[in-house]
Structures are given as structure tokens and as C-alpha cells.
Amino acid sequence: MRVLLFVFLILLFFAIRFTGQNLGFPLPQSELVLALGFLILAGFLLGNIIKSYRLPRITGYIIAGIFFGPYILGFLPKSTTEDLAFINSLALNIIAFTAGGELNFKKIKKRTKAIFLVILFRFLFLFSLTLLLVFTMSRWVPFFQGKSLELLLGIGLLFSIIQTAISPATNLAVITETDAQGPVTDLVLTVTVAMDLLVIMGFAVIYSVANILMDSGANIDFRYFLGTAREIVGAILLGIITGFGVILYIRFVKKELVLFLIALAFILAEIGSLTHTDTILICLTSGIVVENYSDLGEPFIKAIEKGSSIIYVVFFVIAGATLNFRALSEGWLLVILLVMVRLVGTFGSTRLGAVIAREGVPSKNYAWTGFLGQAGVSLGLALLVQKRIGGEIGNYIATMVFASIAVNQIIGPVLFRLGLEKSGEINAERTD
Amino acid sequence: METALYLIALFGLAYAGSILFDLFVQRISIKNILHILGIEYIILGIVLGPNLLDLLSQKILLQLEPVIGLGIGWAGLLFGSQLNFPDLKKFPKFYIALGFGQGIGACLAVILTLLFWCTKSESFLGIKEIQPFLILAAASISTSPIIIGYLRSRIQTEERISSLVYFISATDGMWSILFFGAAYALVRPFENALSPWIYEVEWVIISVLLGLTIGYLFRILLRIKYTQNEFLLMVIGLVIFSSGSARYLGLSPLFVNFIIGVVIANTNEKKNQVQKILTVYEKIFYIIFLVLAGALWQYPGQMVFLVSIVYFLARAGGKWLGFFTGILFVKPLKKSFIPANLGLSFIPQGGVAIAMAIDYKGNFPGAQADLALSVILISVVLSHIFGPNLVKFFIKREAS
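Chains as they are written, first to last, in my numbering: chain A, 60 to 491; chain B, 4 to 403.
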């Protein structure tokens, strides 16, 4: 029945669009509302269909975004995805609140060694394997042929740093959906959040080095370092202040917490765009402060989770719509290899780190599945490369990264859900 | 950093303002009635909007169109979902007749007054078309059930009177939205490729058909089992989709969602579940909607205050006359408990009227829509200052 409903919805959407376009007057904003409503319903139905095959719902959301987005069926024009950017950043901020709120320092303290080792080995493995791949494929990939060693090294470094990024939103969505709890969940969440911060900082360094390698006239851009450091420190400080502000609000005002958090996410999104601060980091830090410096972590998370379903649908449908699957056709071999290298590197680094840290069997065997998803941060970095490096090289790197993110974002949540199931950390499906 | 401090200061100011506002309304004995509608949220929206601070800029407001559509659609769906016809039939027929009478009275009074003024005045705020008058007339029919319910809980009176007042205030929105949907479709100011082929009445039929089709979709969706979060997600998606569909075809999201709500209320056993989720989350969407309504408001000129007062008085007079006329047709035995002037109790105007104004502005932006929105906002404020006292007076007087 759900499949029939899905088909009925698509036909209805077609009929309305056809009628409206032939009538000749649809207001531009009306297309945005119609498209978003359709995507939410389509994502919801597809997520439901996918769930019946014991796969995570967000896979359905992403697939809906991919198919109906501008690059395949074109139900949602590209301009509309750009118009939805504000709602997307609101959703991202709220997800970041949740991610921060799930990080408990007491739990992290017990696993510091494992966290450190997994992160360390992740960087080592992915950098080595990706660079090896780039150099090995320099003979077979047309774009790499004829390029100097320095250039290849620069390209390899940029690919590598983006490869290390993980999507906290994806992991959080799967964990929330499955109500997973346990050592694997804790390890995955902590490493994911820490990686977010490290990748942003690491990108500043890598970008400078790669720039020098690719452009012999370039110098180390200390201003960029300082700018990035300032952004990060500023975001953390603001996050701390915001976190304590949230604590005071919950403790003394106690009213309309959901509305307050939505308004706060909105204000932070505005502040971020005006001051060029990383609002995700601000929200993340706020959530960490609320969870660890008060006893109000639970009401905080509960308030956010009230509306979490709609947030995840909006975010992942839009994320899916921005994934350029067409780019796969431009360099499918390299993309597939990048995905495989990332998979192998992730498995190897996580397992090695967990073994040395003497983690339990579930963490050794299944924690790696949580480090495959890629979304917001990776997309952001790819766009940054496209913008800053520019030219043929910048565009090529971005295109390959977009395509590999598309694949990782399909397989990541599926494998993570499987990993949580195998490790026995999935409780009964959430019922309210 | 400056902006952050600015924003922190603004919120501090808003919070302090809220406390002062509380003290003010207590001092003038309105007893927080204005809070029931949330006037402070409208004011906040005006402050944050393009007129003053521009934090909710035009660009952001355009991007928040789905949220506006959600708010309007939510109101329509909630209202429609409460209209279960078998339940309505349990009430005496003259309740419905009196409700219709006071509503039509207000509607006609407003149309005639504004048209008369328009013909007499050379330039009535530059308005030359009938559409804004029809929208104002449609909005004049509805009464705020929230305020009536609020007062009913505080006034000791005969149960039949308060029951009648509450019934009419809860159901006259139905007439209001029906008239609104018709007005929306009937008077379309723009030309389009197919307009010679589709007549006005057919637009009304298309509106209804769209509502029925999506209502049918909703019915089938309700057969699936959901968690509460999933159910909320489905409803939100459906409301945005139906509002977007209506908007795309130049129709009223409020009306289309109302039809959907009526379909659910009368054809589905899960209607209580639907109503529950709509009611639980109504406040959040309503507050956001009020803020956005304030941000969308554009000042149309000084004359608007005079127009609003005339509108308010015409509406009040029409309600009284319509109700009074209705009583004349009710059998003496049935109407013995009804005060003749009870029609003035239906002055409080509420969210449905504001939703109509925003809905209208969404598809037909411009001076006409700004006028309609301004008049309705001012009228709502006036009706909440004077209305509750009139309600208390008439209900209490009968008790004594």
C-alpha cells in the first residue's frame, strides 16, 4: 500500500505542477513550498518503505532527495535547494545541539585511550591510503596524467583530509531512530564529534600546504590559519556562553523550551552568517555545556527530540537533493576507489585502535560502521576547495568528492544500522 | 560580535518588555486577555521585521514561506478537523441558524459599509477592486473561540447561554472560511493563460477538489501505523504539501486545508488522533506564525486607523443585527433564555481572521493585502479590548 501511496503522491505532484505551469502564474515562493512539502512526504513514505527492509529511514530520505532533486528527476530545481539553505542550516544547528547534548564527559573519560587511538589511526590510515591511491592511479586517471609530483601530492592531501570527515548528523539520526545505547554508540558519537573539530582545524593546515605544492608562487597563508583559529575559538566561547544561557532558561523560565531552542538556532544561524563563525561548533559546544555542567541534559535532549523527525527529514532530503550523482559518470573509477579506500582505511584504523585500547568485542568488530557516513562537513570542505583553489583542479576535486559523498551517504547509514544491530545495542524501536 | 551583543540586548529588551506589558495589562484590568491571542508576538514580529530592525529580512521571510504555509494550513486543518457533522447535528438547529445569522450580518455590514465609503471617497487608499473588501468581510464572520472559552470558564451563568455562545464562536469560522474560499477563487485580479477557459465558479470547484483529493491521500496515510514523532512528521509534510499545492495554483491554503480537515473529521476513525496532534502543537506554530505575521506587516498609511475603527464598528453592528434578526425566526419557547443583544458577545476576533489576511497577502501581495492585514490586526486588538467586557456583560446580565 505504501508503494501505491508513493506513486499516487508523485502523480498528484505532477498534476499540480502541470496545471500550475500551464496556468502561467505560479509565484516563485509557491514552488518552494510545494517542493518542500512533496519532498517531506516523499522522504517520509520512502523512509517508511525502507524501514520495512530493516534499513535506516534516513536512507529513504536521502534517496528521495537524490531522485527528486535537481540532478536526476528535477522535481526540485537547483534554485529551490539554494532557497532552502536557511532552513537547512537551522536543521543543522538543532542537530548539533543534540550531538553536543549526547556527549557526557564521564563516559568519555573512561574511553579516552580508545578515542585517541581511533582518531590517530584514522588520520594515518586514510592519509596514507588516499595518497597511495592518487599516486598509483596517476597513470590511469586521465586528469592525473602529466601532472607533477607536487601537484599530485597537493591533490592527494586535499582528498585525504576530506576523506577523514564523518557526518555527526547521519550517526545521530540512526542512533535516535534505533534508540541505540552502549559502548559502540558512545565511541562512534564521541569520535565523530571530535573528528568534526579536528577536520576543520586540520583543513586549515592541509589547505595551506596543498596550496604551496600546487602553486609554486604561493606562500603559507598565516592569515588563513589565524582566521580559522579565531573562528574556532570564537565559536567555542560563544557556545559556552550560549550553553549557560540555555541552562538558565531551562532552570528559571521553563516555558516553551522547543520554541526557545528553535529561536536560538535561528539566531545562531544569523550570527554565524554575519560573523563568519562556525555555528555548528557553537551549538555543539552549547549542548556539551548543558549536558556536562548541569543536570538538565535530559529535558534539553527531550525538547529537541520532540521535533527531531521533521528536522532529519528536511536535512537529509535537502542533503540528498544537493548530491550530484551525475558527477559519478565523470570519474566513476576514481570515485569507487576513493570509497573503497575510505572503507578499508576506516575498518583498519578503527579495529587497530580498538584492539590496542582493549575495547570490547562489539567495538572492535562494529564501531567502524559508524565512521562511513559523510554529509555536511565534507560537502562544505569540498565547496571550499572548489572556491579557494578554483580552476580545473578545484572543480575536479570537488566533483569527485561530491560523487563519493553521494555513495558514502547511501552505504554509511545502512552499514551503521547493521553494525548497531550486530553489536546488540539497538533497543526496541522508539515508540512514544 | 557587535551583532551578537545587539541580539542579546534585543532579547533582554523583549523579555523586560514582556514583564512591563504584564504589569500594564493588569493595571488596566484587562487581566492578560491580550496574551491569549499573543499580541506581543505580533509586536515582536513587527520589531524584528523589515519595518524596524530587519532581522527577519524580506529574503529570510521568502525562505520561511514554507513555515508561513505550515501555519496557515495548520489553522485550516485544525478548524476543519473539528467539524464533525454528526456531532453538529446533536445541537439544536437554531444554534446553527443564529451562528449563521450573526456571521452573515457582520459580512454584509462590512461589505456595504466599505463599498459605500469607497463610492463616496475619491481615493479610498487607492483601492479600486472589490477583493480586499470581500476578504475583510469573510474575516469579519469569525469569532475567537479562545477568548469566549476563556471567559466562559470565569463567568458564572446559565449553561444554555454560555453553551450557545461557545458553539457559535467555535463554528462561525466554518462560514468564514467557506466565504473566504469562495471570495478567493471568485475574484482573481490577474490574467493567466487559461483564464478564459476556467470560470470563477470552476476555481471554487478546483479548490474543493484539491482539498478532497489531498484529504483522501491523508485518509489513506492514516491507515499506516506510526510513532508519535512519525505521525507529527506526516501531518507537517501533508500540511506543507497541501499549502504549497494551493499556493501554486493561486488558491487559498487555509481553505484547502479546511476541506482536508472536514474530510478527516467525517470519514476517518483516527480523527481524534489527528485533532490531538494538531492541538498539542498548535501553540508552537501559532506563535511562530504570529511573529511572521507581524514581520510581514507593511504600514499602508494613516487612513488605516480610521478604516479599522469603521470596520470594527460595522462588524459589531452587523453581528448584533444579524443575531437579533435570527432570534426573530426562532420559536418563542426555544429562545426564551436568549438575551436579544447577545450578538455583541461575538465581537472578539482571532487567529482565523489573521490567517486569512496572511493567506491573502501570500498570493496577492501589494497595497490591498497590506490594507486588509492592517485592518484585521487593528480590529483584532480592538475586539480583544472591548469584546471580553461585552461578553461578560451580556452573559452575566442574563445570569442575574
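We put the beta carbon where it would ideally sit given N, CA and C, even for glycine.
Predicted model only: the values in this text are computed from it and were never measured.
Strictly below 7 angstroms CB to CB, what residues from chain A border glutamine 85(B)?
Per Cβ cutoff of 7 angstroms: no residues; glutamine 85(B) is ~23 angstroms from chain A at best.
With a threshold of 7 angstroms, establish whether the CB of proline 358(A) neighbours any heavy atom of the ligand GTP.
This structure lacks the ligand GTP; in fact it carries no ligand of any kind.
Starting from the beta carbon of arginine 61(A), find every residue of chain B whose beta carbon is closer than 8 angstroms, and list them in chain order.
Here the neighbours are Ile227.
From Gly390(A), Gly449(A), Ile178(A), Leu438(A), pick the residue whose C-alpha is nearest to that of serine 408(A); which is it?
Cα-wise, what sits closest to serine 408(A) is Ile178(A).
Would you tell me roughly how many angstroms separate the C-alpha atoms of leucine 316(A) and phenylalanine 359(A), rounded to the nearest one?
The straight-line gap from Cα to Cα measures roughly 8 angstroms.
Quick one, are the C-beta atoms of leucine 397(A) and serine 353(A) less than 8 angstroms apart?
no
Taking Cβ positions, are alanine 112(B) and glycine 346(B) nearer each other than 8 angstroms?
Cβ atoms of alanine 112(B) and glycine 346(B): not closer than 8 angstroms.
Roughly how many angstroms lie between the CA atoms of asparagine 306(A) and lysine 361(A), to the nearest whole one?
Per the sequence shown, residue 306(A) should be read as isoleucine rather than asparagine. Those two C-alpha atoms are separated by around 14 angstroms.
For isoleucine 370(A) and isoleucine 154(A), which I take to be in contact (beta-carbon distance under 8 angstroms), what is that distance rounded to the nearest angstrom?
For isoleucine 370(A) against isoleucine 154(A), the beta-carbon gap comes to about 6 angstroms, under 8 angstroms, which counts as contact.
Starting from the beta carbon of aspartate 142(A), find every residue of chain B whose beta carbon is closer than 7 angstroms, and list them in chain order.
Gln66
Quick one: Cα of leucine 117(B) to Cα of alanine 375(B), how far?
12 angstroms
Return the residue from the list Ile174(A), Leu91(A), Phe72(A) that minimises the CA-CA distance to alanine 413(A).
Ile174(A)
Partner residues on chain B for glycine 79(A), Cβ-Cβ distance less than 7 angstroms:
Within chain B, the residues near glycine 79(A) are Tyr251, Leu252.
Is the shortest distance between the beta-carbon of alanine 196(B) and the beta-carbons of chain A less than 8 angstroms?
Note that alanine 196(B) scores 48 on pLDDT, short of 50, meaning its location in the model is unreliable; the coordinates nonetheless yield the value given after this. Yes, alanine 196(B) lies at the interface with chain A (some Cβ there is under 8 angstroms from its Cβ).
What residues from chain A crowd round threonine 216(B), counting only those whose CB sits closer than 8 angstroms?
Leu71
Chain-order list of residues whose beta-carbon lies under 6 angstroms from that of isoleucine 217(B) (same chain, five-residue window excluded):
Ser245, Ile263
When Cβ atoms are compared, which residues of the stretch 129-163 of chain A fall closer than 8 angstroms to chain B?
Asp142, Leu143, Ala144, Phe145, Ile146
Give the straight-line distance between the Cα atoms of methionine 399(A) and leucine 440(A), rounded to the nearest whole angstrom.
Put simply, the backbone Cα of methionine 399(A) is about 20 angstroms away from that of leucine 440(A).
Taking 8 angstroms as the cut-off, decide whether the C-beta atoms of isoleucine 214(A) and isoleucine 452(A) are in contact.
yes
Does DSSP put tryptophan 391(A) in a helix, in a strand, or in coil?
helix
For valine 384(B), which residues in the same chain have their Cβ closer than 7 angstroms to its Cβ, ignoring the five residues on either side in sequence?
Ile42
Using a C-beta cutoff of 8 angstroms, does glycine 404(A) count as contacting chain B?
no
For the stretch 193-244 of chain A, list the alpha helix (DSSP H) runs that are entirely contained and at least 4 residues long, ordered along the chain.
208-223, 227-237
Once DSSP output is grouped into helix, strand and coil, what is the label at leucine 431(A)?
coil
What's the gap between the Cα of serine 84(B) and the Cα of serine 255(B)?
17 angstroms
Look at the alpha carbon of serine 143(B) and the alpha carbon of valine 50(B), and state the distance between them as a whole number of angstroms.
27 angstroms
For tyrosine 229(B), does the three-state DSSP call read helix, strand or coil?
coil
Three-pair Cβ contact test at 8 angstroms for the stretch 297-304 of chain B versus the stretch 94-111 of chain B
Short answer: they don't touch.
Does DSSP classify isoleucine 217(B) as helix, strand or coil?
helix
Quick check: the Cα distance between methionine 60(A) and phenylalanine 221(B), rounded to an integer number of angstroms?
13 angstroms
Tell me which residues share the same chain as isoleucine 280(B) and place their Cβ nearer than 7 angstroms to its Cβ, disregarding the 5 neighbours each side in the sequence.
Phe234, Leu235, Val238
Option in Phe119(B), Leu393(B), Leu331(B) with minimal Cα separation from valine 310(B):
If we check each option's Cα against that of valine 310(B), Phe119(B) comes out closest.
Is it buried or exposed for alanine 94(A), if we count other Cβ within 10 angstroms and need 16 for buried?
buried
For chain B, check one thing: does any of its Cβ atoms lie closer than 8 angstroms to the Cβ of glutamine 88(A)?
yes
Isoleucine 114(B), DSSP secondary structure in three states
helix
Chain-ordered residues of the stretch 279-309 of chain B with a beta carbon less than 7 angstroms from chain A:
If you check each beta-carbon in the stretch 279-309 of chain B against every beta-carbon of chain A, the ones closer than 7 angstroms belong to Ile287, Ile290.
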